[in-house]
Amino acid sequence: MKKEIEAVILAGGRGRRMGELTDSTQKCLLPFKDKPVLLHILDTISDAFGSANVIIATGYHGEDVKKIVGDQYRNIQIEYTNSPEQLETRRRLLLAKNLLKGPFLLTAGDIIYNPELLTQLATSYEANKVESIIGAISVSSLHKVAPTHALIAVSGGYVTEITYPPTTTWQANQLREMGTAFYDHDLLRIAEQASASITQITELMIDALKNGGKFRAEQYFSQWYHFATPEDLVKS
Numbered sequence: 000m001k002k003e004i005e006a007v008i009l010a011g012g013r014g015r016r017m018g019e020l021t022d023s024t025q026k027c028l029l030p031f032k033d034k035p036v037l038l039h040i041l042d043t044i045s046d047a048f049g050s051a052n053v054i055i056a057t058g059y060h061g062e063d064v065k066k067i068v069g070d071q072y073r074n075i076q077i078e079y080t081n082s083p084e085q086l087e088t089r090r091r092l093l094l095a096k097n098l099l100k101g102p103f104l105l106t107a108g109d110i111i112y113n114p115e116l117l118t119q120l121a122t123s124y125e126a127n128k129v130e131s132i133i134g135a136i137s138v139s140s141l142h143k144v145a146p147t148h149a150l151i152a153v154s155g156g157y158v159t160e161i162t163y164p165p166t167t168t169w170q171a172n173q174l175r176e177m178g179t180a181f182y183d184h185d186l187l188r189i190a191e192q193a194s195a196s197i198t199q200i201t202e203l204m205i206d207a208l209k210n211g212g213k214f215r216a217e218q219y220f221s222q223w224y225h226f227a228t229p230e231d232l233v234k235s
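Numbering (numbering that gives the first Met the number 0) for the sequence shown: 0 to 235.
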């Protein structure tokens, strides 16, 4: 029997750069085209894998997320974690630790991409897990979509260096980290044992890389969207 895909969507942040749009609304529930950003993400997961077990890690206006999405969306079973505390990405991911049984997809709740990216990441992880990789991460040459995301240097399909916070300019061998990856379950152990000074998942990756950890980099060539400001919501 095919193993069900597990996924975590980080959807707890305040989204301050959205201004008054998120004064009373969770950012992932803001509409883009015909529906909330979060439903676009769930549609993409369903289209990529057919079915999945998804954990939505909520915080700010978390109850609104649960009311809109419910416990099932299409063929996706939904579970929730919630903390009203403003958590950074490492600690918010760890809220899902006891619900995850194996390797998992991790994605931010404010980006949209095609289903092919997710199948590409899952396939890359499965093909390279014998090399003890920690994960397969998505990267793009479209830097302006998310200029606050890390810069990733790649050689031979592997991540060689991560620049975060990113510089305002980049080298020819640097790609933009998209915020979606397929990770080995061991990432949760690494996150749990990391220094308290490491607050973001990107920082966790930098530390793991320094200690010999390996990450595959899968380049995505299609259009993608990152919703950070009101202007991002009107892009087509």
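Even glycine gets a Cβ: it sits at the ideal position worked out from N, Cα and C.
Is G18 near Q25, with beta carbons less than 9 Å apart?
Result no, Cβ atoms of G18 and Q25 do not sit closer than 9 Å.
Locate the alpha helix (DSSP H) running through V36, then write down its first and last residues.
Here the alpha helix (DSSP H) through V36 covers 36-48.
Looking at the structure shown, is H225 part of a helix, part of a strand, or coil, going by DSSP?
Of the three classes helix, strand and coil, the one that applies to H225 here is strand, per DSSP.
Using the Cα positions of K128 and T179, report the straight-line distance between them to the nearest angstrom.
Each residue's Cα considered, the two are about 18 Å apart.
Between which two residues does the alpha helix (DSSP H) holding E19 run?
Segment: none, E19 is in no alpha helix (DSSP H) and carries neither H nor E.
Looking at C-alpha atoms only, which residue of E125, N97, F214 is the closest neighbour of E191?
Nearest of E125, N97, F214 to E191, Cα basis: N97.
Within the same chain, show all residues whose beta-carbon is closer than 6 Å to that of T159, passing over the 5 residues directly before and after it, in chain order.
The answer, listed in chain order, is A152.
I'd like to check one pair, V68 with E5: are the Cβ atoms closer than 9 Å?
Cβ distance not < 9 Å, so E5 and V68 don't count as in contact.
Assign A95 to one of three DSSP states: helix, strand, or coil.
Looking at A95 - three-state DSSP - the assignment turns out to be coil, as it is neither helix nor strand.
Buried or exposed, going by whether 16 or more other CB atoms sit within 10 Å of the CB of S123?
By the neighbour-count rule (16 or more Cβ atoms within 10 Å), S123 is buried.
Given a threshold of 16 other Cβ atoms within 10 Å of its Cβ, counted over all protein chains shown, does V7 qualify as buried or as exposed?
V7 is buried by the Cβ-count criterion.
Quick one: grab the DSSP three-state call for Y59.
Three-state result, Y59: coil.
Just to confirm, are L103 and F181 a CB contact at a threshold of 9 Å?
In the sequence as displayed, the identity of residue 103 is Phe instead of Leu. Yes; because the gap between Cβ atoms is below 9 Å, this pair is in contact.
Whole angstroms is fine: what's the gap from D33's alpha carbon to A10's?
Cα to Cα, D33 sits roughly 19 Å from A10.
Does the distance from the CB of T201 to the CB of Y163 come in under 9 Å?
Result yes, Cβ atoms of T201 and Y163 sit closer than 9 Å.
According to DSSP, is M0 helix, strand or coil?
Confidence in M0 is poor, its pLDDT being 36 and thus under 50, which makes the residue's placement too unreliable to answer from.
Check this for me: beta carbons of I40 and G134, under 9 Å apart or not?
No.
Pairs of beta-carbons, one from the stretch 44-59 and one from the stretch 77-88, closer than 8 Å: are there three or more?
At 8 Å Cβ cutoff, the stretches touch.
Assuming the contact rule is C-beta atoms closer than 8 Å, V138 and R175 should be a hit. Round their C-beta distance to whole Å, please.
Contact flag correct, Cβ pair sits at about 6 Å.
Would L117 and M177 qualify as a contact pair, given that the criterion is a beta-carbon distance under 9 Å?
No, the Cβ-Cβ distance between L117 and M177 is not below 9 Å.
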